[in-house]
Amino acid sequence: MKVIEVLAESPNSFEEAVQSAVSETSKSVRNIQSAYVREQSVTVENGKVGMYRVNVKITFSVDMSDGNNA
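Numbered according to our numbering, the sequence shown spans residues 2 to 71.
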(Lines of atoms letter the chains of each structure in order from A; the text may use other names.)
(Lines give C-alpha, C1' and ligand atoms only; values in the text may rest on other atoms or scores of the structure.)
Protein backbone atom coordinates (compact mmCIF):
# COMPACT_ATOMS: atom_id res chain seq x y z
CA MET A 2 0.00 0.00 0.00
CA LYS A 3 1.09 3.57 -0.60
CA VAL A 4 -0.21 6.84 0.85
CA ILE A 5 -0.20 10.27 -0.77
CA GLU A 6 -1.52 13.60 0.49
CA VAL A 7 -3.88 15.63 -1.66
CA LEU A 8 -5.22 19.14 -1.13
CA ALA A 9 -8.65 20.04 -2.52
CA GLU A 10 -11.27 22.73 -2.13
CA SER A 11 -14.91 23.44 -2.86
CA PRO A 12 -17.10 26.53 -2.64
CA ASN A 13 -19.97 24.39 -1.28
CA SER A 14 -18.89 21.92 1.45
CA PHE A 15 -16.18 19.82 3.03
CA GLU A 16 -17.88 16.72 1.63
CA GLU A 17 -17.65 18.08 -1.90
CA ALA A 18 -13.98 18.96 -1.35
CA VAL A 19 -13.25 15.37 -0.26
CA GLN A 20 -15.13 14.01 -3.27
CA SER A 21 -13.11 16.30 -5.51
CA ALA A 22 -9.84 15.07 -3.98
CA VAL A 23 -10.78 11.44 -4.59
CA SER A 24 -12.20 12.04 -8.08
CA GLU A 25 -9.24 14.06 -9.31
CA THR A 26 -6.71 11.64 -7.81
CA SER A 27 -8.45 8.65 -9.38
CA LYS A 28 -7.71 10.13 -12.81
CA SER A 29 -4.02 9.32 -12.36
CA VAL A 30 -3.90 6.80 -9.48
CA ARG A 31 -5.42 3.32 -9.68
CA ASN A 32 -6.58 1.01 -6.90
CA ILE A 33 -7.61 3.68 -4.36
CA GLN A 34 -8.67 1.89 -1.17
CA SER A 35 -9.44 4.68 1.30
CA ALA A 36 -9.24 8.38 2.08
CA TYR A 37 -8.50 9.90 5.49
CA VAL A 38 -9.35 13.56 6.04
CA ARG A 39 -6.36 14.91 7.92
CA GLU A 40 -7.26 18.61 8.10
CA GLN A 41 -10.16 20.88 7.28
CA SER A 42 -10.10 24.66 6.93
CA VAL A 43 -12.03 27.46 5.29
CA THR A 44 -11.22 30.78 3.70
CA VAL A 45 -13.21 33.76 4.86
CA GLU A 46 -14.33 36.56 2.56
CA ASN A 47 -16.30 39.53 3.89
CA GLY A 48 -17.29 37.62 7.02
CA LYS A 49 -18.55 34.57 5.09
CA VAL A 50 -17.04 31.20 4.24
CA GLY A 51 -15.44 31.42 0.81
CA MET A 52 -13.88 28.00 0.21
CA TYR A 53 -13.93 24.71 2.10
CA ARG A 54 -10.46 23.13 2.05
CA VAL A 55 -9.30 19.64 2.96
CA ASN A 56 -5.99 17.83 3.27
CA VAL A 57 -6.70 14.17 2.47
CA LYS A 58 -4.44 11.13 2.80
CA ILE A 59 -5.31 8.69 0.01
CA THR A 60 -4.28 5.05 0.32
CA PHE A 61 -3.93 2.83 -2.74
CA SER A 62 -2.49 -0.56 -3.54
CA VAL A 63 0.59 -0.74 -5.73
CA ASP A 64 0.80 -3.32 -8.48
CA MET A 65 4.32 -4.73 -8.09
CA SER A 66 4.08 -7.00 -11.14
CA ASP A 67 5.95 -5.51 -14.06
CA GLY A 68 5.77 -8.49 -16.36
CA ASN A 69 9.42 -9.44 -15.71
CA ASN A 70 8.81 -11.60 -12.64
CA ALA A 71 8.84 -15.30 -13.39
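Don't be surprised by glycine CBs; every beta carbon is placed ideally from N, CA and C.
Here the structure is a predicted model, which is why all the values come from computation and not from measurement.
In this structure, DSSP gives V63 a state outside helix and strand, which the three-state scheme calls coil. Remark: C-beta atoms of G48 and P12 do not approach each other more closely than 9 Å.
Looking at the backbone, the Cα of N56 and that of A9 are separated by about 7 Å.
Taking 8 Å as the upper bound for CB-CB distance, A36 and I5 are not in contact here, some 10 Å apart. Note: V30 is not bridge-paired with any residue in the DSSP secondary-structure output.
Put simply, of V43, V63 and D64 the residue whose alpha carbon is nearest the alpha carbon of E16 is V43.
Within the DSSP secondary-structure output, R54 pairs in a beta bridge with E10 and S42.
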